[in-house]
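Only one structure is covered here, and it is reproduced in the block below.
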Amino acid sequence: MNRLALFSLSSSLPWGEDPATLLKGGLLEEALLLRTCWRRELYALLPETPAPGLPEPDLRGGGVVRHLLRVLLGLESFAVGESHVVRQVRDAYEGCATCGPTLHRLFQRALGVAGALRTSFHPGREPSIPWLAVQAFREHPRWPEVRALVLGAGEMGLETARVLAACDVPCLLANRSPRPLPEDPRILPLPWEGWPDALGQVEGVFCCTASPAPLLGPEPLEGLAPPPWVLDLGSPPQSAPLPGTRRVLLADLAKTAETLLRDYRASLSTLEEEADRAAEALAGELVHRSGDTWKRLALARGKALARERAALAASRCGGDPRDFEVFAESLLAGFLHPLLTAPSAHTSRAWRILSGSEEEAP
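Okay, so the sequence shown: first residue is 1 according to UniProt numbering, each after it adds one.
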């Protein structure tokens with residue numbers, strides 16, 4: 001277990017970061033490179049005898065498991081609690097050809113456990129990077145009489161457009177290729193080649209593409225008085241330095257996120273506590289099987305489902321939701337009675353399936 005390691009790639013490393021090269025050179029036995037908006041990390045299984053010149057990992061063993069769960073739950077994001085990172089981690093895992101048995105098991109189980117934790121303990125109303133960017137745009141002197149241009153209609157761009165529309169801000173949405181857009185009269189499609197000409201019609205430009213090089217330089221903004229604000233949500237940045245223009249980068253949003261989300265972070269305390277417990281159990285499971293945490297997650301998931309169904313039944317039929325909840329919990333207890341009273345060789349896996357952290361095989 002202590003051979004499980006995490007390297008935070010905050011700068012270029014002399015030994016490189018390409019997983020295939022690292023495995024071929026004998027530096028690592030397994031490796032997965034994770035890139036998100038805010039991090040570059042290498043998850044690895046070290047050889048039994050560490051290779052000369054290999055730096056000391058930032059985390060080892062159970063610390064790696066805990067960190068991965070916190071990443072998947074958005075607890076390490078500056079938009080704390082956000083869920084975009086789940087897709088980024090899943091894409092990195094599914095596209096990785098250098099995982100072995102240990103990393104396969106770690107990421108498969110962590111993705112499942114994180115989903116179960118979100119279902120049972122996440123308070124909802126999650127913030128996001130687009131939400132933080134729109135909060136920064138609220139400082140514009142013409143707010144709320146503003147218009148916006150969103151470049152990119154991927155997940156980030158679409159959410160940015162939706163957040164702007166929810167604030168009653170009209171926006172133009174441009175994407176390189178045609179794709180379905182939200183049916184909202186405040187979100188207007190714009191041909192990609194037309195966005196430079198639209199800069200004079202808006203007060204804010206949100207850069208949300210995956211371009212590896214800057215899209216927006218100073219030239220298209222010349223002669224615009226005042227120029228629109230540029231809110232760059234790209235990593236790396238999709239805009240060049242723009243003299244005389246207000247430019248907001250991800251690093252700027254990170255500085256303001258802690259203040260804006262202080263109360264929201266407090267509401268995540270239960271999720272953080274359960275994440276620590278689940279990480280400890282998952283770390284133990286990588287060495288030996290343990291079912292206590294999965295049982296607790298399954299029971300929490302069942303109770304949450306009982307409350308949800310009870311509220312729905314009460315709204316449809318009338319009556320006290322608590323009466324329906326008591327009835328639903330009694331059905332739940334009866335359903336789970338065999339697992340609680342007569343454990344078998346398959347009990348641990350049954351708890352994992354019921355908790356939502358593992359899918360049942362077809």
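From the three backbone atoms N, C-alpha and C, an ideal C-beta is built for every residue, glycine too.
Continuous beta strand (DSSP E) stretch holding residue i: start and end
| i | result |
| --- | --- |
| Leu-261 | Looking at the DSSP string, Leu-261 is not in any beta strand (DSSP E), and its letter there is neither H nor E. |
| Pro-191 | 187-191 |
Alpha carbon of residue i to alpha carbon of residue j, nearest angstrom
| i | j | result |
| --- | --- | --- |
| Leu-215 | Ala-240 | 8 Å |
| Arg-87 | His-122 | 17 Å |
| Ala-5 | Arg-277 | 20 Å |
| Leu-354 | Arg-247 | 48 Å |
| Ser-90 | Ala-225 | Per the sequence presented here, residue 90 reads as Arg, with Ser not at that position. Cα-Cα distance, rounded: 44 Å. |
| Gly-74 | Glu-329 | 31 Å |
| Val-65 | Thr-21 | 24 Å |
| Ala-251 | Leu-46 | 32 Å |
| Asn-175 | Asp-184 | 17 Å |
| Pro-191 | Leu-336 | 56 Å |
| Leu-117 | Ala-166 | 28 Å |
| Arg-138 | Arg-35 | 30 Å |
| Glu-272 | Gly-284 | 18 Å |
| Leu-150 | Leu-72 | It should be noted that the sequence gives Val, not Leu, for residue 150. Between Val-150 and Leu-72, the C-alpha separation is close to 27 Å. |
| Leu-27 | Ala-44 | 10 Å |
Residues of its chain near residue i, where Cβ-Cβ distance is below 6 Å and the 5 sequence neighbours each way are ignored
| i | result |
| --- | --- |
| Thr-259 | none |
| Gly-200 | Leu-224 |
| Phe-324 | Ala-310, Ala-313, Ala-314 |
| Pro-170 | Arg-147, Arg-186 |
| Pro-19 | Ala-31, Leu-33, Thr-98 |
Spatial neighbours of residue i in its chain, beta-carbon cut-off 7 Å, leaving aside the 5 residues before and after
| i | result |
| --- | --- |
| Leu-9 | Glu-17, Arg-40, Glu-41, Leu-42 |
| residue 365 | Residue 365 lies beyond the range of the chain shown here (1 to 362); nothing can be said about it. |
| Asp-58 | Leu-6, Phe-7, Ser-8 |
Residues that DSSP places opposite residue i in a beta bridge
| i | result |
| --- | --- |
| Trp-229 | Gly-204 |
| Ala-45 | Correcting the residue type first, residue 45 is Leu in the shown sequence and not Ala. For Leu-45, which the question treats as bridged, DSSP gives the partners Leu-4, Glu-30. |
| Val-248 | Leu-231 |
| Ile-353 | Beta-bridge pairing links Ile-353 to no other residue. |
| Thr-36 | Arg-39 |
| Cys-171 | Ala-148, Ile-187 |
| Ser-239 | Leu-216 |
| Leu-59 | Leu-6 |
Same chain only: Cβ atoms within 8 Å of residue i, ignoring 5 sequence neighbours per side
| i | result |
| --- | --- |
| residue 364 | Because the chain spans 1 through 362 in this model, residue 364 falls outside it and cannot be assessed. |
| Met-156 | His-84, Ile-129, Pro-130, Cys-208, Leu-233 |
| Thr-119 | Arg-301, Ala-304, Gly-356 |
Start-to-end residues for the alpha helix (DSSP H) that takes in residue i
| i | result |
| --- | --- |
| Ala-20 | 19-24 |
| Gln-88 | 84-94 |
| Trp-195 | 195-198 |
| His-140 | Run containing His-140: none; DSSP gives neither H nor E here. |
| Val-113 | 101-121 |
| Leu-224 | First-last for Leu-224: undefined, no H or E at that position. |
| Thr-209 | Element bounds for Thr-209: n/a, residue is neither H nor E. |
8 Å Cβ cutoff, residue i in contact with chain C
| i | result |
| --- | --- |
| Pro-47 | Absent from the structure is chain C; it holds one protein chain and no more. |
Using a Cβ distance threshold of 8 Å, determine whether the region 136-148 contacts the region 44-60, with at least three qualifying pairs required.
Counting Cβ pairs under 8 Å, fewer than three are found: no touch.
I want to know whether the region 109-123 touches the region 295-303 - three or more CB-CB distances under 8 Å.
Taking 8 Å as the limit for Cβ pairs, the verdict is that the region 295-303 does touch the region 109-123.
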